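Structure, as structure tokens:
Protein chains: 2
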Amino acid sequence: MTKDEFIDFIHRLQDEICDALEKQDGLARFREDRWVRDGGGGGKTRVIADGNVFEKGGVNTSVVHGVLPELIRDRFGVDQGYFLAAGLSLVIHPKSPLVPTVHANYRYFELYDREGGEVKDRWFGGGADLTPYYLVESDAKLFHQVHKAACDGVHPELYKEFKPACDAYFHNSHRGESRGIGGIFYDYLRPDKAHVHSSIPILSDLQLFDLARRCGSAFIEGYIPIVEKSKSLEFTEAQRYWQEIRRGRYVEFNLIHDRGTLFGLKTDGRVESILMSLPPRVRWDYDFQVHPGSPEAALLDVLRKPKSWV
Amino acid sequence: MTKDEFIDFIHRLQDEICDALEKQDGLARFREDRWVRDGGGGGKTRVIADGNVFEKGGVNTSVVHGVLPELIRDRFGVDQGYFLAAGLSLVIHPKSPLVPTVHANYRYFELYDREGGEVKDRWFGGGADLTPYYLVESDAKLFHQVHKAACDGVHPELYKEFKPACDAYFHNSHRGESRGIGGIFYDYLRPDKAHVHSSIPILSDLQLFDLARRCGSAFIEGYIPIVEKSKSLEFTEAQRYWQEIRRGRYVEFNLIHDRGTLFGLKTDGRVESILMSLPPRVRWDYDFQVHPGSPEAALLDVLRKPKSWV
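These protein sequence lines map, in sequence, to chains Z and U.
In terms of our numbering, the first sequence has 76 at position 76, counting the first letter as 1, and numbering is strictly consecutive.
In terms of our numbering, the second sequence has 332 at position 22, counting the first letter as 1, and numbering is strictly consecutive.
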């Protein structure tokens, strides 16, 4: 697989996902901002706002390259280097508290000793996770099943590694809660190399590319049907209030814990493209409490103790 | 000065400030939550909400002690130790976008080699800063003048150190903006010791205690008159919208950059007391822009290039 194939893939996926979401919304259209990075490369930020269904969302691609930022040099213990990073990242915040928020990201990284030099290292990362405000078990099962099938199509051992990795990553440790009901997460998967921290099987670059493509399609298969069936349900002001409280937890995760967000902000990434992930309207009450036995409490139970959905 | 004197001071100041704020509000009262820390000590969190004037605010004290958390051990390069930390911390978010948000914090720290051991080191920290949504120059001047006078009462060289320190600390580096129009900030001031990073004069413990007391009183003198004169002004929905956008920047600072918040969350501090600083209702729009020449743009100018107010 060449980097150009991955770049084509994320651009096609961006188009497909934006089309599918616009069709669900029926009103709002994505607006595209193309931007250029000072150090090399750029991106296409596509944002939707104030729709029938989607209050705010972004489906962004970026292909950036240049001298390796200090933060990455430190992490990999190299003195110098050149990199290329290509990725698609999306976050969708629906208006209705009965429609879950969703996030997905597929990315590919190449490391060179110098500009135009040979590839010294390369890896893939990705994942998708669902953040409902009210737990609908069939939705959680669908989202996980579709992503499990995508992983299984590449190797039967992947989902059982990526599911707990997702629970571990999207975790608000300061509250002892997961951000949502999870999905899949993988990072730093190098073609033909064993992964350091787990029993993830060795995969070729074609398999890792296939994984990103299958999971990318799974996003549409796993999320659009949930939107379709829940978007017209009536909701109350109290449910909306709860959604805004929970969106606060989403902000907390993204700004305190998310490595991707913090890395982007610390390496002079495009702030508006990075922070498009933040929800449109958010609420923080002091010591907000749910009623025992309520649907809100049922969600918290699952966030405090992630369960198996397939 | 003994630790008990500092502890008395913060509790008296908490009462005075809560009284003054309740009088301004005229409707809402502070609700007190007393909490106990697992490792030793506890606090009194006092929160006000949904008032005539104040939408959300907290005036908290805590006196905690125990085995030195790993994070502090690492910072000071010690293998073990015992600590006591006493402080008052407040954040007030008014309902009206024409009334500024304010923050203040006064704290004292003692370090021992073991529980009940001799004091090995001790220091003071503190400060106050104002975050208006619309710039009123006379308010900025009053707030700075009152705090300058408090500092000058201890030593004429202090304000000129603490003012730029405040601008440097409360800075959203990812946006190139200050959080607000500043005030004063000082940290790690050890009695009778030279400060490492600046030309701050050597002060005795009595002078440092005096500084905290004078600045604590300055808070009331510097903020209450601003509330008094602005709380009844009519505001528009568009001004409220701008306030909610700016509150998003406040959240970004507190969750991404504020050492105190991150330290509290990483050392298992009481989450609800720490995050009471977050505004009640917040908004993030993609790529929000102000109109050139507008009052909103005038605020941004000052946030991007801090100026002298006295």
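Ideal Cβ placement from N, Cα and C applies to all residues, glycine included.
Keep in mind the model is a prediction, meaning the values are calculated, not measured.
Report task. Please classify Leu233 (chain Z): does DSSP put it in a helix, a strand, or coil? Result -> Taking the first residue of the first sequence as position 1, residue 233 (chain Z) is located at position 233. Of the three classes helix, strand and coil, the one that applies to Leu233 (chain Z) here is coil, per DSSP.
Report task. Please classify Ala608 (chain U): is it buried, with 16 or more other beta-carbons within 10 angstroms of its beta-carbon, or exposed? Result -> Looking up residue 608 (chain U) in the second sequence gives position 298. Around the beta carbon of Ala608 (chain U), a 10 Å sphere encloses fewer than 16 other beta carbons of the protein chains shown; the residue is thus reported as exposed.
Requested in this report: Kindly confirm or deny that the region 489-507 of chain U and the region 427-439 of chain U touch, where touching means at least three C-beta pairs closer than 8 Å.
Outcome: With a cut-off of 8 Å, the region 427-439 of chain U and the region 489-507 of chain U count as touching, because enough Cβ pairs lie within range.
Requested in this report: Quick one: measure Cβ to Cβ for Ala438 (chain U) and Phe529 (chain U), integer angstroms, because I've assumed they're closer than 8 Å.
Outcome: Locating residue 438 (chain U) in the second sequence gives position 128, where the first residue counts as 1. Locating residue 529 (chain U) in the second sequence gives position 219, where the first residue counts as 1. Ala438 (chain U) to Phe529 (chain U), Cβ: 5 Å. Contact.
Query raised in the report: Is Lys313 (chain U) helix, strand or coil when you go by DSSP?
Result: The residue given as residue 313 (chain U) occupies position 3 in the second sequence. Secondary structure of Lys313 (chain U) (DSSP, three-state): helix.
Requested in this report: Check the DSSP bridge columns for Glu487 (chain U) and list the partner residues they point to.
Outcome: The count along the second sequence starts at 1 and reaches residue 487 (chain U) at position 177. Per DSSP, U:Asn482.
Query raised in the report: Closest Cβ-Cβ distance between Leu275 (chain Z) and chain U: below 8 Å?
Result: Stepping through the first sequence from its first residue, residue 275 (chain Z) is reached at position 275. Proximity of Leu275 (chain Z) to chain U, defined by a Cβ-Cβ separation below 8 Å, is satisfied.
Query raised in the report: Does the Cβ of Leu609 (chain U) lie closer than 7 Å to at least one heavy atom of the ligand SAH?
Result: The ligand SAH is absent from the structure shown, which contains no ligands of any kind.
**Report entry** Reference Glu332 (chain U), options U:Gly426, U:Val537, U:Leu613, U:Phe563, closest by Cα
**Finding:** Residue numbering aside, residue 332 (chain U) sits at position 22 when the second sequence is read from its first letter. Proximity to Glu332 (chain U) across U:Gly426, U:Val537, U:Leu613, U:Phe563 peaks at U:Val537, based on C-alpha coordinates.
Report task. Determine the DSSP secondary structure at Thr61 (chain Z), reduced to helix, strand or coil. Result -> As a first step, residue 61 (chain Z) is located in the first sequence; it is residue number 61 there, counting from the start. It is a strand residue.
Query raised in the report: Quick one: is Arg591 (chain U) near chain Z, going by C-beta distance under 8 Å?
Result: On the second sequence, position 281 is the one that residue 591 (chain U) refers to. Cβ-Cβ to chain Z under 8 Å: yes for Arg591 (chain U).
Requested in this report: Tell me His403 (chain U)'s beta-bridge partners as DSSP assigns them.
Outcome: Counting from one through the second sequence, the residue named residue 403 (chain U) turns up at place 93. For His403 (chain U), which the question treats as bridged, DSSP gives the partners U:Lys366.
Requested in this report: Reducing DSSP to helix, strand and coil, say where Lys120 (chain Z) ends up.
Outcome: Walking along the first sequence from the start, residue 120 (chain Z) turns up at place 120. Residue state, collapsed to three classes: strand.
**Report entry** Contact residues within the region 162-174 of chain Z, judged by C-beta distance below 9 Å to chain U
**Finding:** Per Cβ criterion, the list reads Ser173, His174.
Report task. May I ask you to report which of helix, strand or coil DSSP gives Ala128 (chain Z)? Result -> Here residue 128 (chain Z) refers to the residue found at position 128 when the first sequence is read from its first residue. It is a strand residue.
Query raised in the report: Between U:His481, U:Val429, U:Gly490, U:Lys366, which lies nearest to Arg569 (chain U) when the distance is taken from Cα to Cα?
Result: The residue you call residue 569 (chain U) lines up with position 259 of the second sequence. Measuring from the Cα of Arg569 (chain U), the nearest candidate turns out to be U:His481.
Query raised in the report: Do you know how far the Cα of Asp611 (chain U) is from the Cα of His601 (chain U)?
Result: Numbered from 1 along the second sequence, position 291 holds the residue referred to as residue 601 (chain U). Numbered from 1 along the second sequence, position 301 holds the residue referred to as residue 611 (chain U). His601 (chain U) and Asp611 (chain U) have their C-alpha atoms some 12 Å from each other.
Report task. Report the residues of the region 58-90 of chain Z with a CB closer than 8 Å to any CB of chain U, ordered along the chain. Result -> Listed in sequence order: Gly58.
Query raised in the report: Taking the C-alpha atoms as reference points, what is the distance between Asp33 (chain Z) and Pro306 (chain Z)?
Result: Start at 1 with the first residue of the first sequence, and residue 33 (chain Z) comes out as number 33. Start at 1 with the first residue of the first sequence, and residue 306 (chain Z) comes out as number 306. Roughly 37 Å separates the two Cα atoms.
Query raised in the report: Counting only beta-carbon atoms, is Ile566 (chain U) nearer than 8 Å to chain Z?
Result: Your numbering for residue 566 (chain U) matches position 256 in the second sequence. Judged by the 8 Å Cβ criterion, Ile566 (chain U) is in contact with chain Z.
Report task. Confirm, please, whether the CB-CB distance from Gln334 (chain U) to Val357 (chain U) is below 8 Å. Result -> Within the second sequence, the letter at position 47 stands for residue 357 (chain U). Within the second sequence, the letter at position 24 stands for residue 334 (chain U). No. Outside cutoff.
Query raised in the report: What is the C-beta distance between Tyr108 (chain Z) and Lys44 (chain Z), in whole angstroms, given that I count them as a contact (C-beta under 8 Å)?
Result: Here residue 108 (chain Z) refers to the residue found at position 108 of the first sequence. Here residue 44 (chain Z) refers to the residue found at position 44 of the first sequence. Going by Cβ atoms, the distance from Tyr108 (chain Z) to Lys44 (chain Z) rounds to 16 Å, so no, they are not a contact pair.
Report task. Could you name each continuous alpha helix (DSSP H) segment of 4 residues or more that falls completely within the region 552-606 of chain U, going from the start of the chain to the end? Result -> DSSP runs (the alpha helix (DSSP H)) wholly in the region 552-606 of chain U: 569-576, 581-584.
Query raised in the report: Can you tell me whether DSSP reads Tyr533 (chain U) as helix, strand or coil?
Result: As a position in the second sequence, residue 533 (chain U) is number 223, starting the count at 1. In this structure, DSSP gives Tyr533 (chain U) a helical state, which the three-state scheme calls helix.
Query raised in the report: Using CA coordinates, which residue listed in U:Glu467, U:Phe545, U:Leu518, U:Ser540 is at the minimum distance from Val446 (chain U)?
Result: Start at 1 with the first residue of the second sequence, and residue 446 (chain U) comes out as number 136. The shortest C-alpha separation from Val446 (chain U) is found at U:Ser540.
Query - Nearest-angstrom Cα separation, counted from His321 (chain U) out to His484 (chain U) - result: Locating residue 484 (chain U) in the second sequence gives position 174, where the first residue counts as 1. Locating residue 321 (chain U) in the second sequence gives position 11, where the first residue counts as 1. Near 36 Å, if we compare the C-alpha coordinates of His321 (chain U) and His484 (chain U).
Query - Proximal residues to Leu400 (chain U) (C-beta, below 6 Å), its chain only, five neighbours per side dropped - result: If you number the second sequence from 1, residue 400 (chain U) lands on position 90. Closer than 6 Å at the Cβ level, and outside the excluded window around Leu400 (chain U), lie Val369, Ala414.
Query raised in the report: Are any of the Cβ atoms in chain Z nearer than 8 Å to that of Lys366 (chain U)?
Result: Within the second sequence, the letter at position 56 stands for residue 366 (chain U). By this cut-off, Lys366 (chain U) is an interface position.
Query raised in the report: Among Z:Met1, Z:Ala20, Z:Leu13, which residue has its Cα nearest to the Cα of Ile224 (chain Z)?
Result: By one-based count along the first sequence, residue 224 (chain Z) stands at place 224. Out of Z:Met1, Z:Ala20, Z:Leu13, Z:Ala20 has the C-alpha closest to the C-alpha of Ile224 (chain Z).
Query raised in the report: In the DSSP assignment, what residue or residues form a beta bridge with Lys354 (chain U)?
Result: Translated into the one-based positions of the second sequence, residue 354 (chain U) becomes position 44. Lys354 (chain U) has U:Arg344, U:Thr371 as its beta-bridge partners, per DSSP.
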